[in-house]
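Working notes, structure below.
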Amino acid sequence: MPRLPIPDRPPFTLRARLLTPLGAGGYRYEADARLDVDAAGRLAAVAGWDTSLPAGSEKVIDLRPWIVLPGMVDLHLHLPQLPNAGLGAGLDLLTWLDRYIFPLERTFDRTAAEQLAPAAFRAMAAAGTTTALMYGAVFEGSLDAAFEAAEAHGIRAVIGKVMMDRLRYDPKLDESRVLEVSLRQSADLIDRWHGRDNGRLRYAVTPRFAVSCTAEMLRESAALARQTGTYWQTHLAEDRNEIQEVGRLFPDALDYTDVYDRAGGLSERAILAHAIHLSEREISRLAETGSRIAHCPSSNLFLSSGTMPLARYLDAGLVVGLGSDVSAGPDLSLFAVMRAGAYTQSGMRTMLSDPYPTLTPLEWLRLGSLEGARALKLEDAIGSVEVGKEADLIAVDPELTAPIPGLEHGEPEDLASRLIFRSHPDMVRAAWVRGRLLEGPPGA
Ligand SMILES: [Zn+2]
Numbered sequence: 069m070p071r072l073p074i075p076d077r078p079p080f081t082l083r084a085r086l087l088t089p090l091g092a093g094g095y096r097y098e099a100d101a102r103l104d105v106d107a108a109g110r111l112a113a114v115a116g117w118d119t120s121l122p123a124g125s126e127k128v129i130d131l132r133p134w135i136v137l138p139g140m141v142d143l144h145l146h147l148p149q150l151p152n153a154g155l156g157a158g159l160d161l162l163t164w165l166d167r168y169i170f171p172l173e174r175t176f177d178r179t180a181a182e183q184l185a186p187a188a189f190r191a192m193a194a195a196g197t198t199t200a201l202m203y204g205a206v207f208e209g210s211l212d213a214a215f216e217a218a219e220a221h222g223i224r225a226v227i228g229k230v231m232m233d234r235l236r237y238d239p240k241l242d243e244s245r246v247l248e249v250s251l252r253q254s255a256d257l258i259d260r261w262h263g264r265d266n267g268r269l270r271y272a273v274t275p276r277f278a279v280s281c282t283a284e285m286l287r288e289s290a291a292l293a294r295q296t297g298t299y300w301q302t303h304l305a306e307d308r309n310e311i312q313e314v315g316r317l318f319p320d321a322l323d324y325t326d327v328y329d330r331a332g333g334l335s336e337r338a339i340l341a342h343a344i345h346l347s348e349r350e351i352s353r354l355a356e357t358g359s360r361i362a363h364c365p366s367s368n369l370f371l372s373s374g375t376m377p378l379a380r381y382l383d384a385g386l387v388v389g390l391g392s393d394v395s396a397g398p399d400l401s402l403f404a405v406m407r408a409g410a411y412t413q414s415g416m417r418t419m420l421s422d423p424y425p426t427l428t429p430l431e432w433l434r435l436g437s438l439e440g441a442r443a444l445k446l447e448d449a450i451g452s453v454e455v456g457k458e459a460d461l462i463a464v465d466p467e468l469t470a471p472i473p474g475l476e477h478g479e480p481e482d483l484a485s486r487l488i489f490r491s492h493p494d495m496v497r498a499a500w501v502r503g504r505l506l507e508g509p510p511g512a
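According to the numbering used here, the stretch in the sequence shown is residues 69 to 512, in order.
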């Protein structure tokens, strides 16, 4: 068993197995690695143990046989929806929203957020997520509570107040003031929270989707994101009925993507969830504008929304990361999302004769970490375990994924494969952001 205690603040040195994608491409695997985290929470050294300096410090913590990976980056989830996780499988999107989600979000005021958010962030860390891009509800106070909880917990969080001026669930607000109030509250939240704690907390302007937003709201929200240098997140082309409804609401648009394009929303700071039913024109336009895609395969299967031709998108040069989409996705774990994604791609290959190759387990790990960081334009800071980056790390016990204890793994492909296809709810033992230990994972 590893020695106690697991370090809770920098500086410290870890001795562990290491598996990480690399910014320059490819991977690094060390069966016995040394990771030095400096006082500022940055990776000062990443080396094989044999070639490193002698271990003189008392802050060397030997985590072997655990494996250190970069913390996972969840590009899409809905904080208020967590209590609904696992409910409503197989309903279509618009029915599911109406029956399960709007009633839940309607009650997500400041008090509800104060109760839920701390537990939610612990659960995310326990699932191996150290960065999350989230939707809140429409209520400003609930966003303050969510940011306060994220600030205290230590997770790297990007959150946005949901904006809706059509198909709304906040009937208290006078119709004529919805847009103005929503913009003002979003701007105030940006002032209070965007960039807090040296950029650990950030804001995403969050118009829910084209069915819930007028062209004016989409345009004004995109302008606000541009002016403030914040992200802009929404949903795109998730479900056939939804796409039909968008066509009815925006008859002049070429297609769903064009609705956001005309609003000025498409850019390298736009993160679009799902995007599973796209034409070649839409794929090219998204690639051209550098728009980011949050791929949520478990959600897409759960709500029978469809399957993403992922390899086609990657081939077109789209930046794609992974999202749990709780609660349309049932599970916060990005390892579970990778598994759903891999099965989806295998299914497409066998049933649809998809000509593109499926991704390897190591490629799925890259999507869940470094590509997620790239989607947020944070790839220079996080997403891989490399010198100079911030120490956003997780330590995973791979023994829990083996069918028989003590089994030898082929390394690193077999390790990655078991983390995805036999992931265990307790396998993430520790998670750090900037070298600070997050509450949630069970520890040693
Ligand atoms: Zn969503």
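Positions of the beta carbon are idealized from the N, C-alpha and C atoms, including for glycine.
The structure presented is a predicted model; accordingly, all values stated were derived computationally and were not measured.
If contacts are defined as beta-carbon pairs under 8 angstroms, then residue i and residue j qualify, I think. What distance do you get, rounded to the angstrom?
| i | j | result |
| --- | --- | --- |
| Ala321 | Ala290 | Going by Cβ atoms, the distance from Ala321 to Ala290 rounds to 15 angstroms, so no, they are not a contact pair. |
| Pro365 | Val405 | 6 angstroms |
| Ile344 | Thr375 | 7 angstroms |
| Arg442 | Val387 | 6 angstroms |
| Arg268 | Val501 | 7 angstroms |
| Phe370 | Ala157 | 5 angstroms |
| Ala379 | Pro425 | 6 angstroms |
| Leu251 | Glu310 | Actually they do not touch by this definition, with Cβ atoms about 24 angstroms apart. |
| Gly409 | Val141 | About 15 angstroms; that fails the 8 angstroms criterion. |
| Ala503 | Arg77 | The residue you asked about is not Ala; residue 503 is Gly in the sequence shown. Indeed they touch by this definition, with Cβ atoms about 7 angstroms apart. |
| Pro79 | Ala107 | 5 angstroms |
| Leu435 | Gly389 | 6 angstroms |
| Ala305 | His342 | 6 angstroms |
| Val114 | Glu447 | Contact flag wrong, Cβ pair sits at about 16 angstroms. |
| Tyr271 | Gly228 | 6 angstroms |
| Ala205 | Glu173 | 4 angstroms |
| Asp226 | Met202 | The residue asked about is misnamed: residue 226 is Val in this sequence, not Asp. Confirmed, Cβ separation roughly 7 angstroms. |
| Ser452 | Pro138 | 5 angstroms |
| Asp104 | Thr81 | 5 angstroms |
In this structure, how does DSSP classify residue i when only helix, strand and coil are distinguished?
| i | result |
| --- | --- |
| Val453 | coil |
| Tyr519 | Since the first residue of the chain shown is 69 and the last is 512, residue 519 is not available in this structure. |
| Glu40 | Residue numbering for the chain in the displayed model covers 69 to 512; residue 40 lies beyond these limits and cannot be assessed. |
| Glu458 | strand |
| Thr514 | The structure shown has nothing for residue 514, since the chain only spans 69 to 512. |
| Tyr168 | helix |
| Phe403 | helix |
| Tyr328 | helix |
| Thr428 | coil |
| Ala321 | coil |
| Val206 | coil |
| Ala195 | coil |
| Val496 | strand |
| Ala463 | strand |
| Ala214 | helix |
| Phe489 | helix |
| Arg190 | helix |
| Ala83 | A small correction: the amino acid at residue 83 is Arg; Ala does not occupy that position in the sequence shown. Correct three-state label for Arg83: strand. |
| Leu201 | strand |
| Leu483 | helix |
| Arg178 | helix |
| Ala441 | helix |
| Leu162 | helix |
| Leu446 | coil |
| Leu346 | coil |
| Ile74 | coil |
| Ala185 | helix |
| Leu433 | helix |
| Phe504 | The sequence given here has Arg at residue 504, not Phe. In this structure, Arg504 counts as strand in the three-state DSSP scheme. |
| Leu468 | helix |
| Leu340 | strand |
Is the closest heavy atom of ligand 2 to the C-beta of residue i under 8 angstroms?
| i | result |
| --- | --- |
| Ser280 | The model depicted lacks ligand 2 and carries ligand 1 instead. |
> Touching or not, the region 208-215 and the region 481-490, by the rule of three or more beta carbon pairs under 8 angstroms?
Replying inline: These segments do not touch.
> In chain order, which continuous runs of the beta strand (DSSP E) of length 3 or greater are located wholly inside the region 97-157?
Replying inline: Complete beta strand (DSSP E) runs here, min 3: 111-116, 128-138 and 140-146.
> So does the region 286-300 actually touch the region 128-137, counting three or more Cβ pairs closer than 8 angstroms?
Replying inline: The count of Cβ pairs closer than 8 angstroms, one atom from the region 286-300 and one from the region 128-137, stays below three, leaving the stretches out of contact.
>> Check whether the region 180-193 and the region 231-249 are in contact - that is, three or more C-beta pairs closer than 8 angstroms.
In response: Flag = no, the region 180-193 and the region 231-249 do not touch.
>> Give the list of continuous beta strand (DSSP E) stretches no shorter than 3 residues that lie fully inside the region 216-304.
In response: If we require 3 residues or more, the beta strand (DSSP E) runs fully inside the region 216-304 come out as 224-228, 269-275 and 299-304.
>> Going residue by residue through the region 356-417, where are the continuous alpha helix (DSSP H) segments of at least 4 residues, counting only ones entirely within it?
In response: Given a length threshold of 4 residues, each whole run of the alpha helix (DSSP H) inside the region 356-417 is given here in chain order: 365-370 and 378-383.
>> Could you check whether the region 155-169 touches the region 220-232, counting it as contact only if at least three pairs of C-beta atoms, one from each stretch, sit closer than 8 angstroms?
In response: With a cut-off of 8 angstroms, the region 220-232 and the region 155-169 do not count as touching, because too few Cβ pairs lie within range.
> Counting Cβ pairs, one atom from each stretch, are 3 or more of them under 8 angstroms apart for the region 342-362 and the region 397-404?
Replying inline: Fewer than three pairs of CB atoms, one per stretch, sit closer than 8 angstroms, so the region 342-362 makes no contact with the region 397-404.
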